[in-house]
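Numbering (UniProt numbering), first residue to last: 1 to 210. Glycine included, C-beta positions come from ideal geometry on N, C-alpha and C. So the structure is just underneath, and the comments pick up after that.
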């Protein structure tokens with residue numbers, strides 16, 4: 001339980017698309033409950049917010065566990081976004097750090113980064129920020145121990161085993177490898193967030209500055 005009205009379900013195992021699709025199945029199943037007010041999906045987790053404190057949390061826990069064990073994966077056919085990236089330069093200043101950690105050249109890191117398609121697994125952390133699955137393990141790089149204090153919105157990043165695009169300007173501990181002009185969140189837009197769960201992203205180089 002999180003407080004009196006929320007319950008957090010954490011999936012076991014690694015961050016894989018199979019596990020995330022089972023979380024998506026739980027979203028659909030839990031959304032049919034009359035006592036659920038809001039559902040907040042994350043990376044291999046799901047928070048259920050109830051309209052009132054549940055009288056029997058153990059019963060809900062058992063229901064969730066049974067649903068997790070029996071529901072098939074839910075596939076969401078999202079949109080495809082083709083996103084151009086200006087790799088390296090002042091706005092991708094951590095490209096060299098990623099290359100050094102991976103034992104590769106910056107050119108090789110760039111080629112690997114845009115070779116895969118990525119899937120938006122969840123939206124959160126900052127308005128419009130998409131948690132992406134699909135980063136090649138060869139370029140996975142730990143987050144920085146000292147964050148950048150003013151990373152711009154639109155910075156293309158790597159944080160551990162995840163790729164991302166910063167949604168807001170501000171402190172950020174992920175590794176910047178490039179920049180894109182797209183806006184992930186606009187309160188005047190409907191919906192305000194550009195990405196949704198299940199969308200796919202394909203990066204391509206607009207320019208490279210090493």
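Item to check | Whole-angstrom C-beta distance between residue 199 and residue 9, which should lie under 8 Å | outcome: Actually they do not touch by this definition, with Cβ atoms about 23 Å apart.
Checklist entry - Taking just the CA atoms, how far does residue 122 sit from residue 168? => result 17 Å
Checklist entry - To the nearest angstrom, how far is it from the Cα of residue 60 to the Cα of residue 37? => result 14 Å
Next on the checklist: Quick check: what's the CA-CA separation for residue 204 versus residue 83?
Outcome noted: 6 Å
Checklist entry - Within this structure, are the beta carbons of residue 211 and residue 195 separated by less than 9 Å? => result No answer is possible for residue 211: it lies beyond the span of the chain, which begins at 1 and ends at 210.
Checklist entry - If we ignore side chains and look at the alpha-carbon of each, how far apart do residue 118 and residue 134 end up? => result 5 Å
Checklist entry - How would you label residue 110, buried or exposed, when you count the other beta carbons within 10 angstroms and need 16 or more for buried? => result buried
Checklist entry - So what does DSSP say about residue 180, is it helix, strand or coil? => result coil
Item to check | is_contact[residue 70, chain D] using C-beta, thresh 9 Å | outcome: In the displayed structure, chain D is absent; only one protein chain is listed.
Checklist entry - If you measure from the CB of residue 104, is any heavy atom of the ligand ADP nearer than 8 Å? => result As presented, the structure is devoid of all ligands, the ligand ADP included, so that no description of it is given.
Checklist entry - Is residue 147 closer than 9 Å to residue 128 when the C-beta atoms are compared? => result no
Next on the checklist: Can you tell me whether residue 94 is buried or exposed? The criterion is at least 16 other CB atoms within 10 Å of its CB, across all chains shown.
Outcome noted: buried
Next on the checklist: Nearest by alpha-carbon distance to residue 115: which of 92, 139 and 125 is it?
Outcome noted: 139
Next on the checklist: Less than 8 Å between C-beta atoms, sequence neighbours within five positions excluded: which residues of the same chain meet that for residue 77?
Outcome noted: 198
Checklist entry - Around the C-beta of residue 12, are 16 or more other C-beta atoms found within 10 angstroms, so that it is buried, or is it exposed? => result exposed
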